[in-house]
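From first to last, the protein sequence lines are chains A and B.
Numbering-wise (this note's numbering), the first sequence opens with residue 15 and increments by one.
Numbering-wise (this note's numbering), the second sequence opens with residue 15 and increments by one.
No residue lacks a Cβ here, since even glycine has one placed at the ideal position from N, Cα and C.
This report concerns only the one structure given below.
There are 2 protein chains.
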Amino acid sequence: MTQSPWDRSLAVTTDIVIFTIRDRKLELLLVRRAAAPFQGQWALPGGVVGPDEGLKACATRALDEQTGVSGVYLEQLYTFGDPGRDPLRRVISIAYYALVPSDRLELRASAAPQAVGWFALEQLPPLAFDHCEIVALAHHRLVSKLTYSTIAFQFMGEKFTLSELQAVHEIILAQRVDKRNFRKWALALEQIEPTGEERRDGKHRPAQLYRLKFPGRVEIIR
Amino acid sequence: MTQSPWDRSLAVTTDIVIFTIRDRKLELLLVRRAAAPFQGQWALPGGVVGPDEGLKACATRALDEQTGVSGVYLEQLYTFGDPGRDPLRRVISIAYYALVPSDRLELRASAAPQAVGWFALEQLPPLAFDHCEIVALAHHRLVSKLTYSTIAFQFMGEKFTLSELQAVHEIILAQRVDKRNFRKWALALEQIEPTGEERRDGKHRPAQLYRLKFPGRVEIIR
């Protein structure tokens, strides 16, 4: 823990991966870089950690400042620190991620529309730095978490049908899920309970509406 | 990503949590601090990230230099960056961890015996900085991984009995495991195969020896 000789050129930043689902697609929030390096290119929102600023506080602030998105529960993903990841200087970046319902994601009205936007994960533009790698890891973590936690449950609105929950899983996994097995699995977790209400969806017969037993809590499934 | 005004006082370090099992106890590798702050107190091995050094490379180097332990597969755990975690300056630390068989852990002969040592997780001395919190998170991660990956399988020697594998689980979890359920679970994973050999252990009848199907690979169990 001795004095490091290269402090002058070192920066620590945070980068934030925000996923949402819109129009049955998994989408990602990107900002366009105003300065070099990679000027004009799309990148993850992020910022430099301030002298007295916590890491998550930095991520929360940078996300809000650059996109207007706030009130999101960010989880630390991984720290990226390859010496060559920024062509101008040494930058070590702590990545955070979240999966957020799209109705809670209003972008800052003052931001120029060409400076911030949503992109389908399957059709991303070229990204600055190693942000492509950060996004890939975040998606991988999200897919893993789907199988051993209730992360997707937290993504639902207050009341939802099992079909809606299944659709979220299918969109994140990018594959179909067997309806019967999914229902069995989702109910066996004992994380949701019927509300007693039903919703009619098109021609289908009315479907039971469920709610979370423990809203706001992502449970690890043993 | 602008120039940060506080670069001069910022350091990025790595801290390394090495678990092993000896005498049926989960143990942790600690070093005694030679310099302030927390001089003379026990701490995790760790070091300052060099100008052209990758993060994992730093952890590997610091671990080797301070303890003589090498050839360990380190996994990134979490990054700790609370502004007050070091009383002298701002230090952001990337923590790594590994679970390693004790027969692969020879400590550096030249290190003074009072400067590096193994401690039972249940009887740790007071630790420097927030290292107590880092250890707690690493243990929590290890326990979680036990249920959804083959991390403990990798901890075994080349050939092992199911009782030995069960004992490792029980030591890490700090609780008894039902023998029948454990065997069913362990075999259903299809990660181990019988060697055809048996081992006689005391008065018990001879037990089948197993080996890993995919040595060196930690499998995530879906």
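Minimum C-alpha distance to residue i - residue among the options
i, options, result
"residue 184 of chain B", "B:207, B:46, B:111 and B:160", "B:160"
"residue 46 of chain A", "A:40, A:56, A:38 and A:52", "A:56"
"residue 211 of chain A", "A:147, A:225 and A:202", "A:225"
"residue 147 of chain A", "A:173, A:34, A:95 and A:73", "A:95"
"residue 215 of chain A", "A:193, A:189, A:191 and A:177", "A:177"
"residue 77 of chain A", "A:37, A:29 and A:99", "A:29"
"residue 102 of chain B", "B:23, B:203 and B:227", "B:23"
"residue 31 of chain A", "A:168, A:67, A:66 and A:90", "A:90"
"residue 51 of chain A", "A:142, A:167 and A:151", "A:142"
"residue 25 of chain A", "A:97, A:40 and A:48", "A:97"
"residue 111 of chain B", "B:151, B:197 and B:81", "B:151"
Local Cβ density within 10 Å of residue i, reported as buried at 16 or more and exposed below that
i, result
"residue 222 of chain B", "exposed"
"residue 107 of chain B", "buried"
"residue 60 of chain B", "buried"
"residue 120 of chain B", "exposed"
"residue 180 of chain A", "buried"
"residue 154 of chain B", "exposed"
"residue 87 of chain B", "exposed"
"residue 157 of chain A", "exposed"
"residue 73 of chain A", "buried"
Neighbour flag for residue i against chain B, beta carbons, 9 Å
i, result
"residue 67 of chain A", "yes"
"residue 97 of chain A", "yes"
"residue 224 of chain A", "no"
"residue 203 of chain A", "no"
"residue 24 of chain A", "yes"
"residue 209 of chain A", "no"
"residue 74 of chain A", "no"
Coarse secondary structure for residue i, derived from DSSP in three states
i, result
"residue 194 of chain A", "helix"
"residue 311 of chain B", "This structure does not reach residue 311 of chain B, given that chain B is present from 15 up to 236, and the question cannot be answered."
"residue 169 of chain A", "helix"
"residue 53 of chain A", "coil"
"residue 203 of chain A", "coil"
"residue 237 of chain A", "Examination of residue 237 of chain A is not possible in this model, given that chain A is present from 15 through 236 alone."
"residue 142 of chain B", "coil"
"residue 188 of chain A", "coil"
"residue 16 of chain B", "For residue 16 of chain B, the predicted model reports a pLDDT of 44, less than 50, meaning its position is unreliable and no value from the coordinates is stated."
"residue 135 of chain B", "helix"
"residue 181 of chain A", "helix"
"residue 221 of chain B", "strand"
"residue 161 of chain A", "helix"
"residue 176 of chain B", "helix"
Within-9 Å CB hit, residue i to chain A
i, result
"residue 59 of chain B", "no"
"residue 187 of chain B", "no"
"residue 164 of chain B", "no"
"residue 35 of chain B", "no"
"residue 106 of chain B", "yes"
"residue 116 of chain B", "no"
"residue 63 of chain B", "yes"
Any beta strand (DSSP E) of 3 or more consecutive residues that is wholly inside the stretch 18-48 of chain A: 24-36 and 39-46
Continuous alpha helix (DSSP H) assignments of at least 4 residues falling wholly in the stretch 61-127 of chain A: 69-81
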